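Numbering (the working numbering), first residue to last: -6 to 421.
Take a look at the structure below.
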Ligand code: DOR
């Protein structure tokens, strides 16, 4: 395996507290040494990676991705999704269970892990289903799923409407050391809706989904986490009320964590004007006030994680009437520059951003050996903060093109992604 010496880059690693120009020596797929430029990490046999003017972070982790394989390989395969992740600067991703068949049994989990191994790019951590077939009627076999390699359970894409079943899910998941990730949506309140309920939906003549459809379920699941003592992670937070409820739960010391996605802090419901189906997503894009609350939640740590909710759909599902279109947008290849805008706006420091995209997901998922410490696997991302580019979805590695950010001029891009000492993306 190649030896590398990464020189000249500003290393930003919240795990070790490092923020400064350092040299990183990589041997046998691991971090062999990390030291200031003046000390002796020099090794003649190693290939030099000149990261001058760039930042080096621990590998970024996206804990919310839809890979679509098995079942919908025309939208994304494990191979193309992993490649998109590598190009987006991610070294690890979690993939959701709403495939066909659903990842509610050992054979699907094993299939995903085998395919990911063959793809040989980023690490893949499968999230298994909470309920069999995502039907919300009976629990999947958590022991079997955990043994096969699942790291969490979620019916993402669907809520678990039955509170009793969610209670049992939390109890069993806790017993097996699996995190419960909740897609918070009250289907009775959201039924028929295709975008946020408000002035824009009224103007467009589209049926709305009230913010309460999300927040009511956030409240319910916090109450169930308190009842069961089970760790609960709230997926794709989009409303002011949800942020308030999660902040309160954390203040009371409950084991609740949360994520939001770049589209919730970059866009509002206005993006739907013109009936752009690429802006159709669940939960829907909200108001400017919700967006600000999400930013405040990120700033004060109420929202622990930025995850993409990368949800590929083809033109078959998107080039149709807004009412009929599938929900979801891809995000792996635009997450870094959109998230860096938070640093530019002073919402987060660079260190805090790396926490939200690396250290926090690692902690929540109980992944060990993260951070740029000697002995740890060499998972890292090199980012050029100054690189300006225009988003062109035709250049994406993802099989799908459903992004509302096409044509946006953005700044900041991953230029190298390394997983276990192997370069899986290189644009240096
Ligand atoms: O918009 C969405 N699309 N939200 C989800 O929760 C699921 C996702 C998908 O699978 O397409």
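We put the beta carbon where it would ideally sit given N, CA and C, even for glycine.
From a predicted model like this one, the values you see are computed outputs, not experimental measurements.
Unbroken alpha helix (DSSP H) run spanning residue i, endpoints
i: residue 330; result: 328 to 337
i: residue 161; result: 156 to 169
i: residue 141; result: 135 to 141
i: residue 60; result: First-last for residue 60: undefined, no H or E at that position.
i: residue 323; result: From DSSP, residue 323 is part of no alpha helix (DSSP H); its letter is neither H nor E.
i: residue 344; result: 343 to 347
Sheet register partners of residue i (DSSP bridge)
i: residue 118; result: 87
i: residue 189; result: 202
i: residue 377; result: 406
i: residue 104; result: For residue 104, which the question treats as bridged, DSSP gives no partner whatsoever.
i: residue 132; result: 124
i: residue 20; result: 23
i: residue 144; result: Note: residue 144 sits in no beta bridge, so no partner.
i: residue 298; result: 252
Three-state secondary structure assigned by DSSP to residue i
i: residue 282; result: helix
i: residue 15; result: strand
i: residue 367; result: coil
i: residue 71; result: helix
i: residue 452; result: In the structure displayed, the chain extends from -6 to 421; residue 452 sits before or after that span and is not available.
i: residue 308; result: helix
i: residue 416; result: strand
i: residue 233; result: helix
i: residue 303; result: strand
i: residue 25; result: strand
i: residue 214; result: helix
i: residue 257; result: helix
i: residue 357; result: helix
i: residue 383; result: strand
i: residue 95; result: coil
i: residue 41; result: strand
i: residue 178; result: coil
i: residue -4; result: coil
i: residue 287; result: helix
i: residue 265; result: helix
i: residue 207; result: helix
i: residue 244; result: helix
i: residue 30; result: coil
i: residue 184; result: coil
i: residue 77; result: helix
i: residue 394; result: coil
i: residue 362; result: coil
Within 9 Å, strictly: CB atoms of residue i and residue j
i: residue 51; j: residue 347; result: yes
i: residue 201; j: residue 222; result: no
i: residue 20; j: residue -6; result: yes
i: residue 325; j: residue 336; result: no
i: residue 396; j: residue 322; result: yes
i: residue 59; j: residue 89; result: yes
i: residue 56; j: residue 340; result: no
i: residue 2; j: residue 28; result: no
i: residue 284; j: residue 260; result: yes
i: residue 204; j: residue 250; result: no
i: residue 138; j: residue 96; result: yes
i: residue 373; j: residue 49; result: yes
i: residue 116; j: residue 412; result: yes
i: residue 106; j: residue 135; result: no
i: residue 320; j: residue 304; result: yes
i: residue -4; j: residue 40; result: yes
i: residue 14; j: residue 30; result: yes
i: residue 405; j: residue 333; result: yes
i: residue 331; j: residue 258; result: yes
i: residue 132; j: residue 162; result: yes
i: residue 271; j: residue 399; result: yes
i: residue 179; j: residue 210; result: yes
i: residue 9; j: residue 267; result: no
i: residue 208; j: residue 234; result: yes
i: residue 38; j: residue 368; result: no
Continuous beta strand (DSSP E) stretch holding residue i: start and end
i: residue 405; result: 402 to 412
i: residue 48; result: 48 to 51
i: residue 251; result: 249 to 253
i: residue 153; result: Residue 153 -> no beta strand (DSSP E), and no H or E assigned at all.
i: residue 174; result: 172 to 175
i: residue 225; result: 225 to 227
i: residue 4; result: 3 to 6
- Message: So, does the region 189 to 209 touch the region 271 to 284, judging by three or more C-beta pairs under 8 Å?
- Response: Judged by pairs of C-beta atoms under 8 Å, the region 189 to 209 touches the region 271 to 284, as three or more such pairs exist.
- Message: Under 8 Å, with one C-beta from each stretch per pair, do the region 158 to 176 and the region 226 to 240 reach the 3-pair mark?
- Response: yes
- Item | Stretch pair the region 143 to 151 + the region 119 to 128: three plus CB contacts closer than 8 Å | Yes, the region 143 to 151 is in contact with the region 119 to 128.
- Decide yes or no for the touch test of the region 94 to 114 against the region 375 to 392: beta carbon pairs closer than 8 Å, at least 3 of them. no
- Query: Would you call the region 251 to 261 and the region 81 to 88 in contact, with 3 or more CB pairs under 8 Å?
  - Reply: no
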